[in-house]
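Start counting the sequence shown at 1; every next residue gets the next number (full-length UniProt numbering).
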Amino acid sequence: MQTSRRNFLQGTVATAAMLGNVESFAAETNTPPIYQATGLRIGEVTSDSAIVWTRLTQQATRNNKGVVFTKRGKSEEAKNTPIASIEGACPGQPGKIRIVYWPEAETHQAISTAWENVDETGDFIHQFPLKGLRPQTTYHLRSETSVTDQPPHGALTGSFRTAPTPETPSPVRFCVMTCQGYPDRDHPDGHPIYPAMQAKDPDFISLTGDLVYYDNDAPSAMTADLARLHWQRMFSLPRLVETLRNTSTYWLKDDHDTLDDDAWPGQKYGEFTFAEGQKIYQQQAPSGSQSYRTFRWGQDLQIWLTDGRDFRSPNKMKDGPSKTIWGSEQKAWFKRTVAASDATWKVLISPTPLVGPDRPSKNDNHSNAGFSHEGNEIRQWLQKNVPNNFFVVCGDRHWQYHSVHPETGVNEFSVGAASNSHAGGTPGRNPQYHRFHKVQGGFLNVLVADHADRSSITFQLCDVDGKVSYERQFETDRTIPKGRA
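Given below as structure tokens:
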């Protein structure tokens, strides 16, 4: 059943009760407050496993009345302001956390993890790996917290669905988003795309980089503490908490949520280093230890998630065979696993474009001249090895498009920015590439359908409220892939 907008709003009200005026709400209902102001995150879901992200906070709610910074740039004032006093801050506290989880309608089969201690060394976070799950099953969970010498806390609840096994024909629905600025969220409770995505009832959502903007959103993250603040205030917004505690997710990073614009390893932003940015991202995203991965969702769908920051050459390096975004090991892994896959449809979810076209002034992705050697290599390999059933979905660009590369025929869908006020920057419609082009915020909704002897995949570029602006469907016979463009 699809989640209606009314049901989402009711859930958001419940989330606001948990994460907003929680103490008074708890007193009125005689329930303990929930000290998890930054919510739950459920990631890396397979047919039998998942990772559940948790964090213990000092308060049941974010600091909605704190200091607001509006001036972008490197601010000494921000560095000297206590983090807890800044708007949106959710300071953590030491204590312990556990997860209780069970298949839907089978509460008698609930499983409890061990209690895990959290403290400042890990930003009061613990990520629980859940194993031995059932395929294609809805799971419910409770995140329980406790602090010495305090009454028991309330539990934050959530749910997610596991993937079908590779031999199982099954419909799949998923959404992809990117580029969410904090001042550009267009609603005090969070970006409109979150209720719009949840209303599509996706099996999973991919959050595809630039999830916070260390350098562009005030106060700029010149220190590790300010970087963590960016994650606290963004992911404590009620709309984000409500969606992410009830949907499985796959996470990718890009430049702004690693360090700063067009960043590569070895750089610094103020006192904040690229290595610190990598570490903080790993703490904040339930994405496991490997930055590039692949996941199977039934007989018909396999997705690849690539990393464009950890292994890249400096952008200013002269282009040629040794200049890379993916690095040799990731590139070899990608080619090997794509060639070995028998999935009907194969989808690369990339933080940055492979096809574009992009602005001439940009120089940090595979559609730019600065990385054209590796871009051509990958596109030509795809043309030769998976010409009809492979698609690229990209983040990073703040406009929506469906492009087809003129020489290789590679299809790419750009999901667009997370809000209308964050949209823009396009070089304009290019008739050689574009089948669709529009400057607007929104997200991509993808539907894989099972038709017995056939399968279809449909890409829907949606506006911020979920209305479909463009749709393209491809079909194939399962025995001999024949993508129909």
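The beta carbon of each residue, even a glycine, is placed where N, CA and C say it ideally should be.
7 Å or more divides the Cβ of glycine 95 from the Cβ of serine 143. Per the C-alpha coordinates, the member of Thr113, Trp297, Ala227 positioned closest to proline 202 is Trp297. DSSP places threonine 61 outside any alpha helix (DSSP H), giving it a letter other than H or E. Under the rule that a run must span 3 or more residues, the beta strand (DSSP E) segments found entirely inside the segment 215 to 253 read 248 to 252. The beta strand (DSSP E) runs of length 3 or more contained entirely in the segment 278 to 360 are, from start to end of the chain, 293 to 297, 301 to 305, 345 to 350. Burial check for arginine 429: the Cβ neighbour count within 10 Å stays below 16, so the residue is exposed. Runs of the beta strand (DSSP E) lying entirely within the UniProt domain "Phospholipase D N-terminal" (39 to 151) and spanning at least 3 residues, in chain order: 41 to 43, 50 to 55, 95 to 103, 116 to 118, 125 to 130, 138 to 146. In the displayed model, glutamine 198 falls within a helix according to three-state DSSP.
In the DSSP annotation of this structure, the continuous segment of the alpha helix (DSSP H) that includes arginine 379 starts and ends at 372 to 385. DSSP links alanine 449 through a beta bridge to Ser456.
Considered as a whole, the segment 159 to 209 harbours 193 to 199 as its complete alpha helix (DSSP H) runs of no fewer than 4 residues, in chain order. Proline 164 and serine 341 have their alpha carbons spaced roughly 16 Å apart. In this structure, serine 287 places its C-beta atom within 7 Å of the C-beta atom of tryptophan 251. Put simply, the segment 95 to 109 touches the segment 125 to 142. At least three CB pairs are less than 8 Å apart. Take tyrosine 433, set aside five residues on each side of it, and the residues of its chain with a beta-carbon closer than 6 Å to its own are Pro357, Ser403, in chain order.
Here arginine 239 is not near glycine 181, since their CB atoms are 7 Å or more apart.
By the C-beta criterion, the segment 368 to 385 is judged not to be in contact with the segment 416 to 427, since fewer than 3 inter-stretch pairs fall below 8 Å.
Among the bridge pairs identified by DSSP, asparagine 411 is matched with Phe391, Val404.
Between tryptophan 53 and glutamine 127, the CB-CB gap stays under 7 Å.
Between the C-alpha atoms of arginine 173 and tyrosine 213 there is a straight-line separation of about 28 Å. Non-local beta-carbon contacts of threonine 324 in its own chain, meaning distances under 6 Å to residues more than five positions away in sequence, involve Ser313, Glu374 in chain order. Per DSSP, glutamate 471 is one residue of the beta strand (DSSP E) stretching across 468 to 477. Under DSSP, aspartate 463 takes part in a beta bridge, and its partners are Gly442. When the Cα atoms are used, asparagine 389 and arginine 359 turn out to be separated by approximately 28 Å. Pairwise C-beta distances place the segment 113 to 123 out of contact with the segment 256 to 263, as fewer than three of them are shorter than 8 Å. In the structure shown, histidine 366 falls within a coil segment according to DSSP collapsed to helix, strand and coil. Rounded to the nearest whole angstrom, the C-alpha separation of isoleucine 97 and phenylalanine 124 is 10 Å. Take cysteine 90, set aside five residues on each side of it, and the residues of its chain with a beta-carbon closer than 6 Å to its own are Ala37, Thr38, Thr57, Arg62, Gln232, Ser236, in chain order. At least 7 Å separates the beta-carbon of glycine 154 from that of isoleucine 51. One alpha carbon belongs to glutamate 475, the other to glycine 270, and they sit about 50 Å apart. Here DSSP, grouped into helix, strand and coil, assigns histidine 422 to helix. A direct Cα-to-Cα measurement between valine 392 and threonine 81 gives close to 43 Å.
For isoleucine 86, the closest C-alpha among the options Gly66, Ser455, Tyr401, Thr121 is that of Gly66. Our two residues, glycine 395 and threonine 306, have alpha carbons roughly 12 Å apart in a direct line.
Take threonine 223, set aside five residues on each side of it, and the residues of its chain with a beta-carbon closer than 8 Å to its own are Lys79, Gly270, Glu271, Phe272, in chain order.
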